[in-house]
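Some notes on the structure that comes next.
2 protein chains.
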Amino acid sequence: MEESMETAIEEAKLSLQEGGIPIGSVLMCDGKIIGRGHNRRVQNGDPLAHAEIECIRNAGRIGSYSNTILFTTLMPCYLCSGAIVQFGIEKIVVGESRTFKGDLEFLKDHWVAVDDWDIDECIELMEEFIKKNPTLWNEDIGKL
Amino acid sequence: MEESMETAIEEAKLSLQEGGIPIGSVLMCDGKIIGRGHNRRVQNGDPLAHAEIECIRNAGRIGSYSNTILFTTLMPCYLCSGAIVQFGIEKIVVGESRTFKGDLEFLKDHWVAVDDWDIDECIELMEEFIKKNPTLWNEDIGKL
C-alpha cells in the first residue's frame, strides 16, 4: 500500500489510542506529505475537527490546491467534501466507503476524482468503533 | 434588524479590525446565541477558519442541531454549506449573496431553509474588502 495511505491509517490509530474517532487523513503535494491529521472531536471537544479538516488545516495557507491529493481512511462527509470542492482538491483516495457512503455524486459533479481502495483494515477500524460507540459516531456525522 | 444579525455584523467588523476577512456568524438555539465567530484565516493562519466554521466550533459539542439557526453575513461557501447540511442545521439567515453567490440549490436540495436579507452594510463591507484585497479573497474561496 502506498505510504500516504499507511500514514493516514497511522493517524486513525493514533486517534483511537487517544480515545477518539479512528479516521485519519494526509494531504500530498507533488509527492510529498504537506499535512496530516485525525479526527479530534473527542480530544479537543471540537465538532468541526474531522480528519480531513485537521489535515488541511495542518498544511497551512498553501494557496492553490491544484497539485494536491487528499488521502483519507473513510469517504468524506459533506463538511469535508465541501472543503475539498471549495479549495479545488482535484483528487482524493479513500480507504473505504462501506461504513459511511458520503456523496460520491456530489464530488464527481464538482470534478473531484475519487479512488476508493476498499481496504479491510480501514473497514475493520470503523466497524469495531461504530459497534462500541454508536452514539459518538452518530454525533460525528450529525445524526443524533 | 434582529439582534442575531447585528451580532454577526459585529463579528465581521471585529475581524476587519484584526486585519482579517470581514465575515461573521452567529448560531442561535431556542432564541439564544450559543456560538459566535468570524473568519480567522489571516489571524490564525488557518484556511479552514471560515466564520461559520468558527461559530459552530465555538458552540461546542451540542449534540443535535435541529433547533438551531445560523446567521451569517455572507452566503456560505461549500465548506460551510457542507457543515450546515452534515450537522442538520435546518435554517440559515444570510446577510447577502451579491458578493458571493454560494450554491443555493445545494442547500435547498438538502432541506436547508435560506433567508437572504440582502443587507447594504454586509454588501459594502465585502465589496470594499474584495476591492482592496482581491488575492486574499480569492485565497479564501479557493480560487487562486
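Sequence order for the protein chains is R and V.
To convert, take the position in the first sequence, counting from 1, and add 137; that gives my numbering.
To convert, take the position in the second sequence, counting from 1, and add 137; that gives my numbering.
All C-beta atoms, glycine included, are put in the ideal place defined by N, C-alpha and C.
Problem set entry | Buried or exposed (CB count within 10 angstroms, at least 16 for buried), V/THR210 | Taking every protein chain shown into account, the CB of V/THR210 has 16 or more other CB atoms within 10 angstroms, so this residue is buried.
For this session: From the DSSP output, in three-state form, read off V/VAL179 for me.
Result: The answer is helix: DSSP assigns V/VAL179 an H, G or I state.
For this session: State yes or no: is the C-beta of V/GLY174 within less than 7 Å of the C-beta of V/ASN195?
Result: Yes, the pair counts as a contact, with Cβ atoms nearer than the cut-off.
Exercise. Relative to chain V, which residues along the segment 167-182 of chain R have a C-beta separation below 8 Å, given in chain order?
Worked result: Within the segment 167-182 of chain R, the residues whose Cβ lies closer than 8 Å to some Cβ of chain V are ARG178, GLY182, listed in chain order.
Exercise. From the beta carbon of V/PRO184, is the nearest beta carbon of chain R less than 7 Å away?
Worked result: By this cut-off, V/PRO184 is an interface position.
Exercise. Cα-Cα, which of V/GLY239, V/ASP257, V/GLN223, V/LYS268 is closest to V/HIS247?
Worked result: Of V/GLY239, V/ASP257, V/GLN223, V/LYS268, the residue nearest in Cα terms is V/GLN223.
For this session: Could you check if V/GLY156 is buried or exposed, using at least 16 other CB atoms within 10 Å of its CB as the buried criterion?
Result: It counts as exposed.
Exercise. Checking contacts by CB at 7 Å: is R/LEU164 closer than that to chain V?
Worked result: Chain V contact via Cβ: absent.
For this session: Would you tell me roughly how many angstroms separate the C-alpha atoms of R/TRP254 and R/PRO213, rounded to the nearest one?
Result: Their Cα atoms are separated by approximately 14 Å.
Exercise. With DSSP run on the structure shown, which of helix, strand or coil describes R/CYS214?
Worked result: DSSP, reduced to helix, strand and coil, places R/CYS214 outside both helices and strands of the structure shown, so it counts as coil.
Problem set entry | Complete runs of the beta strand (DSSP E) confined to the segment 240-272 of chain V [at least 3 residues] | Listed in chain order, the complete beta strand (DSSP E) runs (minimum 3 residues) inside the segment 240-272 of chain V are 250-253.
Problem set entry | Environment of V/GLU219 [buried if 16+ CB atoms lie within 10 Å] | The residue asked about is misnamed: residue 219 of chain V is Gly in this sequence, not Glu. Its Cβ being crowded by 16 or more others within 10 Å, V/GLY219 is buried.
Exercise. Taking Cβ positions, are V/ARG178 and V/GLU191 nearer each other than 7 Å?
Worked result: No, these two residues do not count as a Cβ contact at 7 Å.
Problem set entry | Rounded straight-line distance, which links the Cα of V/PHE208 to that of V/VAL231 | Within the model, the alpha-carbon separation for V/VAL231 versus V/PHE208 is close to 6 Å.
Exercise. Taking C-beta to C-beta, are R/ALA188 and R/ILE160 nearer than 7 Å?
Worked result: A Cβ-Cβ contact shorter than 7 Å links R/ALA188 with R/ILE160.
For this session: In angstroms with no decimal places, state the Cα-to-Cα distance between V/GLU258 and V/GLU265.
Result: Spanning the alpha carbons of V/GLU258 and V/GLU265 requires a straight line of approximately 11 Å.
Problem set entry | Nearest candidate by alpha-carbon position, reference R/GLU148, set R/ASP167, R/CYS166, R/GLY168, R/GLY172 | Closest by C-alpha distance to R/GLU148, out of R/ASP167, R/CYS166, R/GLY168, R/GLY172, is R/GLY172.
For this session: Step through the CB atoms of chain R and report whether any lies within less than 7 Å of the CB of V/ILE190.
Result: Between V/ILE190 and chain R, the shortest Cβ-Cβ separation is below 7 Å.
For this session: Output yes or no for whether 7 Å exceeds the beta carbon distance between R/GLY182 and V/ARG198.
Result: Between R/GLY182 and V/ARG198, the gap from beta carbon to beta carbon is short of 7 Å.
Problem set entry | Among V/MET263, V/CYS166, V/GLN180, the one whose alpha carbon lies nearest that of V/SER141 | Nearest C-alpha to V/SER141: V/CYS166.
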